[in-house]
Structures are given as structure tokens and as C-alpha cells.
Amino acid sequence: MRTKHLIPNHAAGLTYAARDHAAREDYGGGDGGGGDPFEGFPDAVLGLIVSKLPFRSAVAASAISRRWRGAAAAAPALDIDFAAAFPAAPRRRAAFAVAATAALAPPCPQPHPLRSLRLALDGLFDQAFAAATAGHLASWLAAAAARGVERLELRLPRSRLAVLPPSLLACTGLTSLTLRLDRYALPLPSLAPFTRLSRLHLASVSVTGDDDFFGDLLLHCTELRYLILEQCRIVALRLVGPSRLRSLAITDCSWTQESSLAVLEMPELRTLRYSGAMATRHIIDGDVSLDEVLLAIEKPQVNPREATLRELLTLVANVRSLLLSPWCIEQFSRAEEWLKVRLDRVRRLSCIIDRREEGALSIAPLLSNCRNVEELCVSVVPSQGKRRRCSDGLCHGVPRSKVVTVKHLKGVSMQYIDESKSGLELVKILLKNAPELETMNIVPSMDGLELAKFRRRVLKFRKSSQNASIQFCTAG
Numbered sequence: 002m003r004t005k006h007l008i009p010n011h012a013a014g015l016t017y018a019a020r021d022h023a024a025r026e027d028y029g030g031g032d033g034g035g036g037d038p039f040e041g042f043p044d045a046v047l048g049l050i051v052s053k054l055p056f057r058s059a060v061a062a063s064a065i066s067r068r069w070r071g072a073a074a075a076a077p078a079l080d081i082d083f084a085a086a087f088p089a090a091p092r093r094r095a096a097f098a099v100a101a102t103a104a105l106a107p108p109c110p111q112p113h114p115l116r117s118l119r120l121a122l123d124g125l126f127d128q129a130f131a132a133a134t135a136g137h138l139a140s141w142l143a144a145a146a147a148r149g150v151e152r153l154e155l156r157l158p159r160s161r162l163a164v165l166p167p168s169l170l171a172c173t174g175l176t177s178l179t180l181r182l183d184r185y186a187l188p189l190p191s192l193a194p195f196t197r198l199s200r201l202h203l204a205s206v207s208v209t210g211d212d213d214f215f216g217d218l219l220l221h222c223t224e225l226r227y228l229i230l231e232q233c234r235i236v237a238l239r240l241v242g243p244s245r246l247r248s249l250a251i252t253d254c255s256w257t258q259e260s261s262l263a264v265l266e267m268p269e270l271r272t273l274r275y276s277g278a279m280a281t282r283h284i285i286d287g288d289v290s291l292d293e294v295l296l297a298i299e300k301p302q303v304n305p306r307e308a309t310l311r312e313l314l315t316l317v318a319n320v321r322s323l324l325l326s327p328w329c330i331e332q333f334s335r336a337e338e339w340l341k342v343r344l345d346r347v348r349r350l351s352c353i354i355d356r357r358e359e360g361a362l363s364i365a366p367l368l369s370n371c372r373n374v375e376e377l378c379v380s381v382v383p384s385q386g387k388r389r390r391c392s393d394g395l396c397h398g399v400p401r402s403k404v405v406t407v408k409h410l411k412g413v414s415m416q417y418i419d420e421s422k423s424g425l426e427l428v429k430i431l432l433k434n435a436p437e438l439e440t441m442n443i444v445p446s447m448d449g450l451e452l453a454k455f456r457r458r459v460l461k462f463r464k465s466s467q468n469a470s471i472q473f474c475t476a477g
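So for the sequence shown, this note's numbering puts the first residue at 2; every next one is plus one.
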């Protein structure tokens, strides 16, 4: 096969070898040594390139050339994950420790600054290597503190020797701290040295309330704005200011039988995310003015007391953005006078409902309380039962004849709505009673009837807004 056409001007001597030789001369390799094109790059640039790679690839990059050997030590962000680095070779703990030490504590007089560090040591604390790993962890955190680490995520497995070392408190420049501790039974150390801390995320720890951990935290960490508790075992959570905390998230935590949640003197608290189980008592200061509330609370095994429900529903008063789980929506659908809560300030309402006989219509009483809502999002999730049963075992009827007033509603998003009677009835009610409606996006359920038949029935409904646009999507 003729190949001269692959290289123009082949007769003039422009071959592949001549081209490569000219490229080496451009990078200073004209002596035949094969120069490195990255030789002129500063350490900061190489470190930035390595920081975008997984830790295993970052270590492998040191074999490219002599210039790349210290690139991992110059990275501004490191994600050191043992399980991800050696998924098929868990016995290479010593090699992993050597690579992590070389990346965090390089033998140079002026180490490069470290902005973000993630240490995930699942599988490293195993048998005879556990004691050595504890020593490595202490030295790694000390090296990170010397490099001025600002964002730290530490994930430790369940082990007797997997404890927080004192060198953690040397990272005084931290602005974000995440501690994922698997069933950590020891008391947490005081975080008073972290005066610049603005975000704290605690996962799988025990909050007993006997010690004053959170009181000491709010007293010394005056810059704290975001507090996240995930899958923690809580006996008593008491947050007493004055504090500048703006967001509080309690996600999938377990509460004891006589547990309590107290939030006092938090004038700047605006966001509350509360999901999973709920505490027995809620003590919320009247000065707390929330703008965004997420109540994704699951149905409790034991019916809560009326006082607990009152305290829970007072959290949503005067909010502008509200998200409710099926059980919380059920509480708003009851007919008792003491459960009627006016939600005139709500502008954005998100509802998660069960796919039941009257699941979609269960939000009709809630919409009557949210008269000024402008944006509505409804998401349907599968349900075990077909009939709509409340927590007390009785079926509460939904007032279909009651007029739902949504005069300010402009946008509606409905995901996984099927062709059941309640789903179509909710669409009909919204189109009929929303004179300012602009857009309605509907994602039909995959297990409903044919999409074309569903579209024809929806498009036949009368619309009070002439500018309303109904769009059907296949995915949310």
C-alpha cells in the first residue's frame, strides 16, 4: 500500500522521525536526550492537574518522568481513599501508607498549601496494621495542619483503634469539617480551636446531651453557619445561642423514647431540614424566623402526642419554601381545629405523596391553607397499600367539594402522576382554580396507562388561565 500521501512533502524530508526530532529541539531536547515537555511547568500547575485525578492515578503519574515525582505533594486538593485506590488488593496497606505520606508530608522545607483533604480509611484499620494506621492518621493530620488545610473530610471505620487523634485540633484554619465515624462511641473532642469553622457535618455519632459539646461549639465557633447531623443517635439536642447559624439539617437520625430538640436564640436561622424519625419534644424559640423548611419525617411506629404535633407544625409558620412528606401532609389534612395552620407566606410548596386511592387529592386541604403559593411541585412515590390509611388506622375523606383557591399559582411540576381518579382530579382542580398559571410540567407514571390517552384527557380540562402551557415529559 502506498503511504507517501500520509505525510505531505515527503520528498523534502519531512518524515515522522524528522518531525519528532524538531519537536524535541523545541523543548530543549536536541541533544538526543528526549526532553520532557512539562519541564517548564511550575509545581503549582502540575499539582492542579494531579488534584483532578483519583489518588491512585495521582500516584501513578509520578512514574511519567522525574518532573512528575513531586506533583502529588503540590496538589491543592487530595482525595485519599483506600478502598477506591486498591479495590482488588486490600493487602497493600503499607504501599498505600507510603503513598499517602509522600503526598501529605513531602521532604521539602516549604510545603505547598493544601486547601481540601478527604481521608477515607475504610478497610485500612484491619488486624495487625490497625495500630500502625492510627499512627499514620495522626501524622497525616499533623502534616495537613502544617500545610494550612481549610476543608477536611475524615471517614473512619468501626474499630477500637480508629479514634480521632489530637493532631486534628491542630488544623486551626479549617472552614469546613466533615466527620463520618461509624458508630463512634467515644465523646467528641471540643472544637473550640476551629474559630474559622463555617460548616460542620457529623455522621454516625452519638449525641447524648450530657456533655456541652454543642454549647462549646456555638460559643467558640462564632463563624459557624451550617450544621448537619446525619444518621446520628440523639438523646437530647440543645442548640442555644446567641449564634449566627443559618442552616440546620437533621437527616435520618434515630431518637430515643424521651428525646428532645431545642433551638433557642437563633435569630439568623433560616433553613431547617428535618427528615427520618422525629424527637419526642420540640422547643423552638419564638425569635426563630425560618424561610425554608423541609419536613420529610417518616410515619412513627407509635402515634405521637398532640403536643408533639403542635410543636412540629409551628415550625412551618411564616416560611416561604416548604417541603412535606406523606405523613406530614396527612397531619395537615386532619379536621381538628388545633391543627389548622395558616401558611400565607408560603411561595414554594413541594409535596411527596403516596400512590394511593386518594393520594393526590390529599394535598387539597394543604393548598387551601397556602393561598399565596406561586410554585407547586408534586412527586408521587410507590405505596404498599392501595387504600389511603392514616396513622390512626382510619380513612379520612378528602373534601372534594371544597374550593381550592390558588390565585397566585404560576408554575406546577408533577412527577409520576398516573391516570388514577385522584391524579386526574388534582390536575383538573389546579387548571380550574389557577387564573395566573403559566406552565404545568407533567411526568406521567411509567406504570400508568398509555401516555396518549392521558394527554387527551388532560387537554380536555377547562383552564382558567388562557396563557397556561401544559407540557408532558418522559423524565423529571
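Beta carbons are placed, not taken as given, at the ideal position from N, Cα and C, and that holds for glycine.
query: So LEU249 and LEU270 are in contact, right, with Cβ under 8 Å, and what is the actual spacing, rounded?
result: 6 Å
message: Tell me the residue span of the beta strand (DSSP E) that contains GLY412.
response: 412 to 418
message: By the three-class DSSP mapping on this structure, what secondary structure does ILE65 have?
response: coil
task: Tell me whether the beta-carbon of ALA365 lies closer than 8 Å to the beta-carbon of ILE354.
output: no
task: Would you mind stating whether PRO114 and GLY149 have Cβ atoms separated by less than 8 Å?
output: yes
- prompt: Given that a residue counts as buried once 16 or more other Cβ atoms are within 10 Å of its Cβ, and exposed if not, what is ALA193?
  reply: exposed
field: Inter-residue CB distance, ARG152 and THR176 (contact presumed, cutoff 8 Å)
entry: 7 Å
- prompt: What alpha helix (DSSP H) runs, 4 residues minimum, are completely inside the segment 74 to 128?
  reply: 83 to 86 and 94 to 105
query: Going by DSSP, which residues form a beta bridge with PHE473?
result: ILE443
Neighbourhood of LEU120 by C-beta distance below 6 Å, restricted to the same chain and skipping five residues each side: ILE81 and LEU155
query: In this structure, what does DSSP give as the bridge partners for ILE430?
result: Its beta-bridge partners do not exist; DSSP assigns none.
message: Quick check on the burial criterion: 16 or more other C-beta atoms within 10 angstroms. Buried or exposed for LEU460?
response: exposed
- request: Can you tell me which of the three DSSP states VAL46 falls into?
  value: helix
query: The beta strand (DSSP E) with ASP345 in it runs from where to where?
result: No beta strand (DSSP E) holds ASP345; DSSP gives it neither H nor E.
message: Going by DSSP, what residue range makes up the beta strand (DSSP E) through GLU231?
response: 227 to 231
task: Can you have a look at GLU338 and say buried or exposed, based on whether 16 or more other CB atoms are within 10 angstroms of its CB?
output: Caution applies to GLU338, whose pLDDT of 46 falls short of 50 and renders its modelled position unreliable; the value that the coordinates give is listed next. Under this definition GLU338 is an exposed residue.
task: Report the rounded CA-to-CA distance for LEU367 versus SER421, giving the unit in angstroms.
output: 20 Å
message: Considering only the alpha carbon of each residue, which of ALA96, GLU259, GLY210 and PHE87 lies closest to ASP123?
response: PHE87
message: Taking the beta strand (DSSP E) that THR179 belongs to, which residues open and close that run?
response: 177 to 185
Residues near ALA104 in its chain [Cβ-Cβ closer than 8 Å; skip 5 each side]: PHE56, ALA59, VAL60, ALA73, ALA74, ALA76, LEU79 and ILE81
message: Using only the alpha-carbon positions, how far apart do ASP44 and PRO107 sit?
response: 13 Å
field: For ASN304, the nearest candidate out of MET415, MET279 and ARG457 (CA to CA)
entry: MET279
message: Here's the rule I'm using: 16 or more other beta-carbon atoms within 10 Å means buried, otherwise exposed. How should VAL495 be labelled?
response: Because the chain here runs from 2 to 477, residue 495 falls outside it and cannot be looked at.
message: For SER369, which residues in the same chain have their Cβ closer than 6 Å to its Cβ, ignoring the five residues on either side in sequence?
response: VAL405
- request: Would you identify the three-state DSSP class for GLN258, choosing helix, strand or coil?
  value: strand
field: Integer-rounded CB distance, given that PHE215 should sit under 8 Å from LEU240
entry: 6 Å
query: From which residue to which residue does the beta strand (DSSP E) around THR281 run?
result: Neither: THR281 is in no beta strand (DSSP E) and is coded neither H nor E.
query: Does the Cβ of VAL382 have 16 or more other Cβ atoms within 10 Å, making it buried, or fewer, making it exposed?
result: exposed
- prompt: In this structure, what does DSSP give as the bridge partners for HIS221?
  reply: DSSP output for HIS221 lists no bridge partner at all.
message: If I follow the unbroken alpha helix (DSSP H) through GLU331, where does it start and stop?
response: 327 to 333
field: CA nearest to the CA of GLU312, picked from GLN302, ALA144, ASP286 and GLY424
entry: ASP286
- request: Compare the Cα-Cα distances from VAL347 to each of ASN373, THR440, GLN416 and LEU325 and report the closest residue.
  value: ASN373
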